[in-house]
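*Asks:* Numbering of the sequence shown is given in the working numbering, commencing with residue 11 and proceeding in unit increments. The C-beta atom is built at its ideal place from N, Cα and C for all residues, glycine as well. No experiment lies behind these values; they were computed from the predicted model shown.
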Amino acid sequence: MDTAATGTAENPQATDPLGLDEMRAQISAGTKITGSFGLRFMRAVHTEDPLATEESLAALPGNRGVHLYDSLVAWSPIRAGERVLDIGCGSGGATRSAARTVGAEGRVIGVDINQRCLEVARERTPDDLPVQYRRGDARSLTFIDDRSMDCVIASMMLDEVEDIRPVLDEVFRVLRPGGRFVASVSSFDSWRPMDVAFMGAVLSIVGLHAPGAFAGRSVRASIPHDKPDRVAFAESGLATVEEQDVQLAAVFEDADDAWRLFSRSRIVKVLGEEGREALRATLRRRTPHTLYVPIRFMRTRRPG
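(1) Under a Cβ-count criterion, where at least 16 other Cβ atoms within 10 Å of its own Cβ denotes burial, should GLY210 be classed as buried or exposed?
(2) Suppose the cutoff is 7 angstroms on Cβ atoms and the five residues either side in sequence are ignored; what does the same chain contact list for ARG93 look like?
(3) Tell me, please, which residues DSSP counts as bridged to HIS299.
(4) Return the first residue and the last residue of the alpha helix (DSSP H) that SER246 is part of.
(5) Counting C-beta neighbours from all protein chains within 10 Å, is the total for LEU128 16 or more, i.e. buried, or is it exposed?
(6) Can at least three beta-carbon pairs, one atom from the region 90-106 and one from the region 300-313, be found at a separation below 8 angstroms?
(7) Measuring only the C-alpha atoms, how far is ASP156 from LEU248?
(8) Can you check whether the CB of VAL192 is closer than 8 angstroms to the CB of ASN73?
(9) Output needed for PHE47: all residues of its chain with C-beta closer than 6 angstroms, excluding positions within five of it in sequence on either side, in chain order.
(10) Between which two residues does the alpha helix (DSSP H) carrying LEU213 extend?
(11) Do PRO60 and VAL130 have their C-beta atoms within less than 8 angstroms of each other?
(12) Among ALA260, PHE208, MET167 and VAL303, which has the Cα closest to the Cα of ARG296?
(13) Of the residues ARG202, PHE243 and ASN124, which one's Cα is nearest the Cα of TYR302?
(14) Skipping 5 residues on each side, what residues in its chain have a beta carbon closer than 7 angstroms to that of PHE182?
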């Protein structure tokens, strides 16, 4: 792991010397979004648009009343007075939801490696919520004591981690016996057939204009079904993972509606101007359309 390039809890100030435009050019030339380059790219993306997830996916209605953050917290289930850790907290949407649940007697710590995300999270968090934000790496939570947390949550964060084993090891360490770990991930393997055609047209643009994007997580089964992920969960010491697949509905009346969602996504973040114009043209041909975005909630616990 290239810690000097990616930054860690011990070296949080380390940043990437390349800007997003330079990294997009490399991806267009075939550089894969993996390893330290992939981590640097994702950090740059979140710095550019720290509210992307909260203002896009979290704003979508879900089947059976599902909400990206509140449903994650409800499925935990987090209770009043508990101690909760939110890893990869981003702009703090799940952190605030957990804090409203634990109440004044509880405590929630939101951790993210991206300083800009933490700044936005602090700005959006009312002073009366029991929240503390810390900068750190989910793979090395040295400032969190062993067995000190009742629950750990991770909202749409594991998808960005190439090797989830170090994260799971830290989750196991900081959870008390019987403590829960609940996460949400993209469920790539449960698209509806009609949405597969829509997304296939979108991804063909990525393949043409940013071939390096088809690497790492983008070519693996959804967590926890890819073999390395299954092994990581099995060897972490955590209990068997429970899963619940849900859908968020994105109604596209026209290409502008679709662009409002896709422009905040990683799909567009890898594209240069030519690719973005090609994607807009594809969206014009494919709308109107209602896209059901599949999300997977996962729940496990530390035995004991």
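*Replies:* In this structure, then:
(1) exposed
(2) GLY116, ARG117, SER158, MET159 and ASP160
(3) PHE262
(4) 237-246
(5) buried
(6) no
(7) Answer to the nearest angstrom: the Cα atoms are 15 angstroms apart.
(8) For ASN73 and VAL192, no; Cβs fall outside 8 angstroms.
(9) For PHE47, there are no CB contacts under 6 angstroms within the same chain when 5 residues up- and downstream are skipped.
(10) 203-219
(11) yes
(12) PHE208
(13) ARG202
(14) Same-chain partners within the cutoff: SER246, GLY247, LEU248 and ARG312.
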